[in-house]
Each structure stands twice: as C-alpha cells, then as structure tokens.
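A short worksheet on the structure shown next.
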Amino acid sequence: MKIAVMQFPGTNCEFETLVAVKEVGMAGELFRWNRPAGELSGFDGFVIPGGFSYQDRVRAGVIASKEPVLAALKEEAARGKPIIGICNGFQILVETGLLPGSGKVDMALAQNVMVSKGNIVRRGYYCDWVYLRHDASSRRCSGSFLIEMGALLKIPIAHGEGNLVTNSPRLLKELNDQEQVVFRYCDKNGRAINEFPVNVNGSTESIAAICNPEGNVLGMMPHPERSFFAWQLPSFDPRKQRPDEPGPGRRVFESMKRYIEVNPC
Amino acid sequence: MLMESDCECQDKDVEADSNAGVDADVDADVDSGVSAADVGANAGVGANVASGRTNQKINLRVWLKIPDAEAATVKNTLVRRLGFGKVLEDVKKERLFSIEIDSGDPEEMARRFAKELVNENKESHKVLIDTLEFEEGYVPVKVALHIEDGEAISTRERLRNRLGFKNVVDVKKATIWKLYFSLLRPEAEMNAREIAEKLLINPHKDTYEILMSL
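Here is the structure:
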C-alpha cells in the first residue's frame, strides 16, 4: 500500500506526515511537485500536507493548484483513490475544484475572522488546540472511515486562511444533506458554538473539514499528524503522561489505510 | 472604479518623495463636527453632509522597487501553466490604499499616510486625489475582497485610533495587477479577464475590475 506525500515549494509538514503514514503500516514516499505526474498512478493514496506552498502567493493554494501533478491527482481521485489535504493541502484541493467536488471552485478558504458576541476580536493567523466533532457517518469518508459519528478529536490548528465562505446558497445545504461536512469545531462537550474561541476561524457553520460526494477526497484545516502520538499533546492533557499511547490524529491515518483495504482501486 | 475628477475636486498627482518634509504632528485638522463613527465605515464620497464638505479620496499606489517575487510567480504560472506565453510579456503588481477623509488638506494628508503605510527602503508610491489613473502599456486589473476586508479595517483603525488621524472615514485596499500584453487593448482586455478569473481571484471572496489606462 503506497502513499505519496506531496511536496511543493513551501510545504513544511511533509516529514511528520510521512512518519504518520508509515506508523500505521502504509509505505509512504515523498513526491516532489516536479516529478513526472504520470508516476502518481503507481500510488494507492495521497496526502497533501500543510505548509505555505509557493509562500501563499496570490492566495493560499492557488499556485500549487495549477501544477501538472494536481491534474494527475484529479485523475487518480476519479479512480476512487483517497486524497487527504491537510491545512494548505485543503486550500490546494479547494482551488483545484476537487473539493467540494464539482470540479469548479465552489468555495474559498478566506482569512480568519474571529467573532465573539457580535464583535470581531481578532483576525488572521492563529494556532491552538481545538476539539473536532465528527459529523459524518463512519465509512462515509476516506480520512474518517473508522471514526464513529459524534466522536471528538483533539487536534491542533495553525493557519491564517481557514474561514470557509461561499457565494452559493445551495452548497451548504448540499454539504450538510450529503454528509460532506466531516468535522466541525466544537467545545469539549461536542457543542458546535459558532463563536470564537470554539469556532476558531469564523468558518461558516464551524466547518473544519469536508469531503467530496464520493467520500474519497477529504480536506481538513486541523493537523492530525501533529497529534498522532500522545506525547505530542499539550502539557495540560493527561494523555501526554502516557507517551506510548496513540494520539487522536492517528485515527485519520488508520482510516485512510482501512479505506484502501476496503476499496481497492 | 476609475474616479473622474470633477471641477470641484483636485486632480493632483503627487510623486513619491521619501524626503518630503512631513509634519510629525498627526493631530489631524478636523474641522467637521461629524465623527468617522457617525459617518460610518462605508460612507462614500460626499457623505459628509453635516459640514457641507465633500469627502475626498486619497488613492495611494504602492509598489516594490526591489524584485517582486509574487508578480514573478504569477507571470511564471500564467506562461508555464496556463498558456499565456505567446501574449503575455510581463506582470507587475501594486497595492492600492483608497483612504477617504472628511477634512484636512488631502495632499498633506497623503504625505502623512504614505509615511505610515509605505516603507521607502523597499517601496515607491504615487498619490492620486479623487482620481485613479494608470499609465499606458498595460491592462490594470484591480482585485479586492467582496467579503469583509479585515486588513483594510485594521488599517483604518490604526490610522484613526493609534496614529490620531481622526479625519479618516474609510480605508479600502486592493491589489492592482499590471498585465503587459503583446496585444492591442480590446484583445488584451479579454485576456486580462481570463487571467483574472483563472488565477487572480477566487469568486467566493474576491472581485475584480479591469481599469482604464490613460
């Protein structure tokens, strides 16, 4: 089971992501953006890690989305292979049209706007530990295949542009109706409160992750590779004292592996 | 939007002068009894009804005088990835601050604003009062957010509340992409629209406008 961890100029989470891929028993390999795109067909799945591809020039993800490897990834996605985009990877998938999945750019991940009690309390880059509520059924999406509906994951975020916005009034209804909203920001009790600090970036309906209609392509702003091991958790989390235990982010990579086993292409 | 100056408005073109003698006193000459908060953040030119004075808009065009890596990346992407190699000759970029004031001498205010918003070590600028014009030879494409622009709001608040320019009514920001084509205007403009829609904007947060050159 071979997974390509995509690497663009400015990607900066590829090595942690590669470790996570390998730890769950998949064979991972860094795939530089300038390799022949046709070589991607030899892989069973793909992760586009976080970072600042092309320094976020013009806007986050758009320059990488024009690279030939993304055209090849579209073909692989059409074959049903899983793709997980994390943070900047999510932004790239949106600019490519792979998410929400019509092939067109149907939404944007705009600059964070943190709102509390009707006031904007801060804007822009923000990093913190957040709770995510899994709002899709298990097996709905490649990156949450093994995660039950309603489960909570504690995973860090670190981004300046994760605020999901769209001009399309139909899109949000479709995303909700088709269980394409995979994760929402929530509090420790699982309540999605559409205000900072629970909604950390002002994202519409507290959406943190979405998948395409087929479920094989997932984009998420939080970084599961940064909570893959319990020792990565913050000091105030008691699980940190049990460093050999898996961290919550591991479930995303285990899900991807299981998805490939169940849905071989 | 290209603003045509009328007979009431000044049409001043103040070239950047990093050595301009700017009065450090930022206690703005507010002769209006109407605060910016009263006028509102989105008030347009002419909104300052109480004082009977027409608000003026200072357009501050700012560009890098060192190489602009972002413009180079845009050019490379357009030429190598999006098929504009045969018609596109160059890409340059400017930032545009449109600052609306309800009082004070706009030229003097422009100098003061430039001192705060422009880093003369790496940037040059040009000021246009109540007009926005561009040179011949390229198609200017103005890209701005149609959702709330947090940076513009922050700039307004910084000018008003931190730096004391209480006569600032509104600030808008935009990026001007200057697209140089080997084509004449009608065809160049068609290509500019295509470039804007394929690369320069995400329609879910940005809007664009093809501006006129002189």
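Order-wise, the sequence lines are chains A and B.
Residue numbers for the first sequence follow my numbering, beginning at 1 and rising by one.
Residue numbers for the second sequence follow my numbering, beginning at 1001 and rising by one.
Ideal placement from N, C-alpha and C gives every residue a C-beta, glycine not left out.
Only a predicted model underlies this, so the values are computations on that prediction, with no experimental measurement involved.
(1) Where does B:Tyr-1138 fall in DSSP's three states?
(2) Alpha carbon to alpha carbon, how far is A:Gly-38 from A:Met-6? Give it in angstroms, no decimals.
(3) Output, in chain order, the set of chain A residues within a Cβ distance shorter than 8 Å of B:Ile-1147.
(4) Kindly indicate which residue of B:Trp-1063, B:Leu-1128, B:Lys-1093 has the alpha-carbon position closest to the one of B:Ile-1099.
(5) In terms of residues, what are the limits of the beta strand (DSSP E) holding A:Ala-27?
(6) Could you have a look at B:Leu-1064 and say whether DSSP puts it in helix, strand or coil?
(7) Please list, in chain order, the chain C residues whose beta carbon lies closer than 9 Å to that of A:Tyr-125.
(8) Compute the beta-carbon to beta-carbon distance between A:His-134 and A:Ile-155, rounded to the nearest angstrom, for a pair I have assumed lies under 8 Å.
(9) Is the shortest distance between the beta-carbon of A:Val-181 and the beta-carbons of chain B less than 7 Å?
(10) Please determine if the region 1080-1088 of chain B and the region 1189-1200 of chain B are in contact, where contact requires at least 3 C-beta pairs separated by less than 8 Å.
(11) Please report the distance separating the alpha-carbon of A:Phe-15 from that of A:Trp-33.
(12) I'd like the span of the beta strand (DSSP E) that includes A:Met-114, first residue to last.
(13) To the nearest angstrom, how far is it from the Cα of A:Asn-112 to the Cα of A:Pro-246?
(14) Does the region 68-80 of chain A come close enough to the region 116-125 of chain A to have 3 or more Cβ pairs within less than 8 Å?
(15) Step through the CB atoms of chain A and report whether any lies within less than 7 Å of the CB of B:Arg-1081.
(16) Just how far apart, CA to CA, sit A:Pro-9 and A:Arg-57?
(17) Take every Cβ of the region 1051-1064 of chain B, pair it with every Cβ of the region 1116-1127 of chain B, and state whether three or more of those distances are shorter than 8 Å.
(18) Using a Cβ cut-off of 7 Å, pull out every chain B residue sitting near A:Arg-191, in sequence order please.
(19) Which partner residues of A:Ala-108 appear in the DSSP bridge assignment?
(20) So with CB distances below 7 Å, who are the chain A contacts of B:Thr-1077?
(21) With 7 Å set as the bound, which would you pick, yes or no: does the beta-carbon of B:His-1125 sit closer than that to a beta-carbon of chain A?
(22) Can you find a CB in chain B that lies within less than 7 Å of the CB of A:Met-107?
(23) When the Cα atoms are used, what is the spatial distance from B:Phe-1113 to B:Leu-1159?
(24) Quick check on A:Gly-143: does DSSP put it in helix, strand or coil?
(25) Have a look at the DSSP bridge pairing and note the partners of A:Ala-230.
(26) I'd like the list of long-range same chain contacts for A:Gly-42, defined as Cβ closer than 8 Å, with 5 residues on each side in sequence excluded.
(27) Does the CB of B:Val-1039 have a neighbour CB from chain A at under 7 Å?
(28) Going by the CB atoms, is the gap between A:Leu-218 and A:Ile-84 shorter than 7 Å?
Reading off the structure:
(1) coil
(2) 14 Å
(3) Ala-110, Val-165
(4) B:Leu-1128
(5) 27-32
(6) strand
(7) Absent here is chain C; the protein component of the structure consists of chains A and B.
(8) Not a contact, Cβ separation roughly 11 Å.
(9) no
(10) yes
(11) 15 Å
(12) 113-116
(13) 30 Å
(14) no
(15) yes
(16) 11 Å
(17) yes
(18) Ordered by position in chain B, no residue passes the 7 Å Cβ test against A:Arg-191, which lies about 26 Å from the chain.
(19) A:Val-165
(20) Ile-63, Lys-66
(21) no
(22) yes
(23) 8 Å
(24) helix
(25) The partner list for A:Ala-230 (beta bridge, DSSP) is empty, contrary to what the question assumes.
(26) Lys-2
(27) Because B:Val-1039 sits at a pLDDT of 32, beneath the cut-off of 50, its placement in the model cannot be relied upon, and the point is left open.
(28) yes
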